[in-house]
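Trainee: Just so we're aligned: the sequence shown equals residues 42 to 718 in the working numbering.
Submitted below is the structure of interest, expressed as structure tokens.
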Amino acid sequence: MNPFTAPSTLPFHAPAFDKIKTSDFQPAMEEGMALQLKEVEAITSSTEPATFENTIVAMEKSGQMLGRSSAAFYNLTGSNTNDSLQAIKEEMAPKLAAHADAISLDPKLFTRIKALYDQRSTLGLDPVSERLLERYYTRFVRAGALLDEAAKTQMKKLNEEEAGLKTKFEDNILKDRAALAVVVDDVMQLDGFTPDAIEAAAAAANEKGQDGKWLIDLRNTTSQPALTDLKDRALRERIFKASVSRNSRGSEYDNGKIITRLAQLRAEKAKLLGFPNWGAYVMDDQMAKDPATAMKLLSGMAPAAAKNAKAELAKLQALADKQGTGITVEAWDWDFYAEQVRKAEFDLDEAAVKPYLEFETVLQNGVFYAANQLFGLSFKERNDLPVYHADVRVFDIIDTTGEVIGLFYGDYYARDNKNGGAWMSSFVDQSTLLENQPVITQNCNYIKPAAGQPLLLSWDDVTTLFHEFGHALHGMMSAQKYPKFSGTATSTDFVEFPSQVNENWAMVPQVFNNYAKHYKTGEVMPNDLAEKLRKASKFNQGYATTEYLAAALLDLEWHSMGADAPRVTDVAAFEAAALKKYGLDIAQVPPRYKSCYFNHSWTDYAANYYAYIWSEVMDADAFAWFNENGGLNRANGDKFRAAILSQGGSKPEEQMYRDLTGRDPRVDPLLVKRGLK
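Right under this line is the structure:
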């Protein structure tokens, strides 16, 4: 019996990882696809006229075996993959794309959906059901349902090719990141690392068979955390150049040809669907509505960001000159000298802050505490459920009534077989129609400390933990009937809004003082040190904003090309021209992601990376609304839950924002927050 044939018997249908074998996934997904096609055929072959129940609701109920198996599968390939899983992923990608097309381009099914859509005002549907019908119609049209047969055939070919290329792209990122981990032979080169960090690097090397050496793994971003601390400039340069060379050095993991073809085929798909480029296609169904609106926001911030970054660079160079180094500050020097400038300007030493940011205390007394104060949620760890890796933890999600409403899986440590970065996902999405409650996951990539040592976080690590938990809350507190609207199923340029709001609570004194305690003494971070940390929050924002804008504008440039544009043959030249166009060609401030390892741009956030700053406009203004109404309290939390977190995609995003604040978002709070005004 394949474990995915029926829902898991574990609480909330959590995956039975003690029973699931790698060999179960492909048969389950293939059988799941076959079953869903039979379910669709039952809908389309019905002699009864189309109704909302026999067509739209029936579609919402279809594909449950495929959903169960693919949710577990893609969580594993992201968090704990292996060669066998990657091989299945590569084989299944075009099959799953073809399956999606078989449904979206089914003319009989679309005929029924269109018939309902055309008479939607007479069906007597409640607002959420009417929106669901509208979203089905829009989804099918955007997939190509109105195309002629020749164009549909071409669309299917492009979709299958894209699915295969995306899978290969992700696999290459994972493998090259591991291949380029920096091995250090002499511990003296690690001057600047704490003893705990040195011990962790030795353990990492030992795990990879490099006894007597030290290993520095690469994070997914261009800049690497080690660059802040290491005094050895040559080693900093090695680490930086390893980072920026990923997937672009002519090796078997080079992504250059893959991304240039992805850009081209997406432009071809956009042309088939009547759009000038992929960006226009994507944003037509987002809050932004068109690339010009997103571009206006990004390019409007670019001059101030670049000006601030250049002023920051001048300070770094002045410090290096004062120290008599005789160097010109380069990209691999930025973090090292920026930390010294921060110490001088704010009297703030990150090494002094970290002992007050021990992971478990931040999680329990910070992240969970804020959720309790705002929403009345609590979390209780349990050890009776099977997990896919020994480091994974499981918590009951307990609502205000004391009822357990779902499960939360936390996977916090970096591994070679785990994607870089941090993210939220789910094993089960909430839906009253399917009688499902949420089973939510959160992944981070903190470096696992040596046995017996504490995990001490940087401030960036703390905000990442709060951010991803904001996504998790969106999934946990979903209260939707239809799966299509569950949890984070919003437009991409809205989905980051709840997570970015949640970041704000990390610095609020009521929360901060509850978790910022010395891991040895339990002493709360002294007020003067906490105040320095707060004042330093705008430090280096020229750099942070510039590196983000550079990546976001690169994403839009790649996806602004029309189908008739010549294929890019030189990725580096394309990047350089794009950055120069927007005045962001600052060698010392590289894009947060370069194109060949820009996972967002080539997978789920294609032409959508602008969404972070778009959502941050709403986040900054909504946090101002919280403060105008008393800040961190249950009344505000309950309103945020009712207006935003519980709604999923069941309402237009603009309406949800106005339901919360009573106004459209203002951009000024963001400019102030980032020190640009």
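All C-beta atoms in this analysis are idealised placements derived from N, C-alpha and C, irrespective of residue type, glycine included.
Take the Cβ of D147 as the centre, count every other Cβ of all protein chains shown within 10 Å, and call the residue buried at 16 or more, exposed below.
Mentor: With 16 or more Cβ atoms within 10 Å of its Cβ, D147 is classed as buried.
Trainee: Report yes or no: do three or more beta-carbon pairs, one from the segment 583–590 and one from the segment 345–360, lie closer than 8 Å?
Mentor: At 8 Å Cβ cutoff, the stretches touch.
Trainee: Taking the continuous beta strand (DSSP E) assigned at W464, which residues delimit it?
Mentor: 464–469 is the extent of the beta strand (DSSP E) around W464.
Trainee: Name the residue from M602, G690, L107 whose alpha carbon lies nearest to the alpha carbon of D322.
Mentor: Here residue 322 is Tyr; the residue named in the question, Asp, does not match the sequence. Among M602, G690, L107, the Cα nearest to that of Y322 is on M602.
Trainee: With DSSP as the reference, identify every bridge partner of S419, one or two as the case may be.
Mentor: S419 is bridged to I439.
Trainee: How about D237 and Q494: do their beta carbons lie closer than 8 Å?
Mentor: Taking 8 Å as the Cβ cut-off, D237 and Q494 qualify as a contacting pair.
Trainee: Just verifying my parser: in three-state terms, what is the DSSP assignment at N668?
Mentor: In this structure, N668 counts as helix in the three-state DSSP scheme.
Trainee: Drop a sphere of 10 angstroms on the beta-carbon of I368, count the other beta-carbons inside from all chains shown, and report buried for 16 or more, exposed for fewer.
Mentor: Counting Cβ neighbours within 10 Å, I368 comes out exposed, since fewer than 16 surround it.
Trainee: Between the segment 435–454 and the segment 503–520, do at least 3 Cβ pairs fall closer than 8 Å?
Mentor: Touching, yes.
Trainee: Applying the 10 Å Cβ sphere with the 16-neighbour rule, what's the burial state of E509?
Mentor: It counts as buried.
Trainee: Give the DSSP-derived three-state secondary structure of F580 in the structure shown.
Mentor: In this structure, F580 counts as coil in the three-state DSSP scheme.
Trainee: If you follow the beta strand (DSSP E) that W546 is in, where does it begin and where does it stop?
Mentor: No beta strand (DSSP E) contains W546, which DSSP labels as neither H nor E.
Trainee: Using the DSSP secondary-structure output, state which residues sit across from I481 in a beta bridge.
Mentor: Beta-bridge pairing links I481 to F449, S467.
Trainee: Closer than 8 Å is the cut-off here; do at least three beta carbon pairs connect the segment 247–262 with the segment 401–411?
Mentor: Too few Cβ pairs lie closer than 8 Å, so no.
Trainee: In angstroms, rounded to a whole number, what distance separates the CA positions of G297 and S636?
Mentor: Each residue's Cα considered, the two are about 8 Å apart.
Trainee: Where does F45 sit, in a helix, a strand or coil, going by DSSP?
Mentor: Here F45 sits in coil by DSSP.
Trainee: Considering only the alpha carbon of each residue, which of A571, Q551, V549 lies closest to H559?
Mentor: Of the candidates A571, Q551, V549, the one whose C-alpha sits nearest the C-alpha of H559 is A571.
Trainee: CA-CA distance, T118 and K207?
Mentor: Rounded to the nearest angstrom, the two C-alpha atoms are 14 Å apart.
Trainee: Who are the near neighbours of N116 in its chain, counting only those whose CB is closer than 7 Å to its CB and skipping five residues on each side?
Mentor: Once the five neighbours on either side are set aside, the close Cβ partners of N116 are S466, F468, T482.
Trainee: Quick one: using the 10 Å Cβ neighbour count with 16 as the cut-off for buried, is E564 buried or exposed?
Mentor: Exposed is the call here.
Trainee: Need the endpoints of the beta strand (DSSP E) that I257 sits in, please.
Mentor: Residues 255–257.
Trainee: Determine the DSSP secondary structure at F234, reduced to helix, strand or coil.
Mentor: Reduced to three states, the DSSP call for F234 is strand.
Trainee: Apart from the five residues on each side of it in sequence, which residues of its chain come closer than 7 Å, Cβ to Cβ, to F535?
Mentor: Excluding positions up to five away in sequence, the list reads M328, S656, E694.
Trainee: Between which two residues does the beta strand (DSSP E) carrying V169 extend?
Mentor: V169 -> not in any beta strand (DSSP E); alpha helix (DSSP H) instead, spanning 168–184.
Trainee: Do the CB positions of G678 and F416 come within less than 8 Å of each other?
Mentor: For G678 and F416, yes; Cβs fall inside 8 Å.
Trainee: Just checking: is the beta-carbon of Y115 within a distance shorter than 8 Å of some beta-carbon in chain D?
Mentor: Although the question refers to chain D, the structure presented lacks it and comprises just one protein chain.
Trainee: Would you check if there are 3 or more beta carbon pairs closer than 8 Å linking the segment 55–75 to the segment 133–150?
Mentor: They touch, by the three-pair rule.
Trainee: Work out the CA separation of S687 and K680 for me, nearest whole Å.
Mentor: Spanning the two alpha carbons is a distance of roughly 10 Å.
Trainee: Check whether the Cβ atoms of I129 and F210 lie closer than 8 Å to each other.
Mentor: For I129 and F210, no; Cβs fall outside 8 Å.
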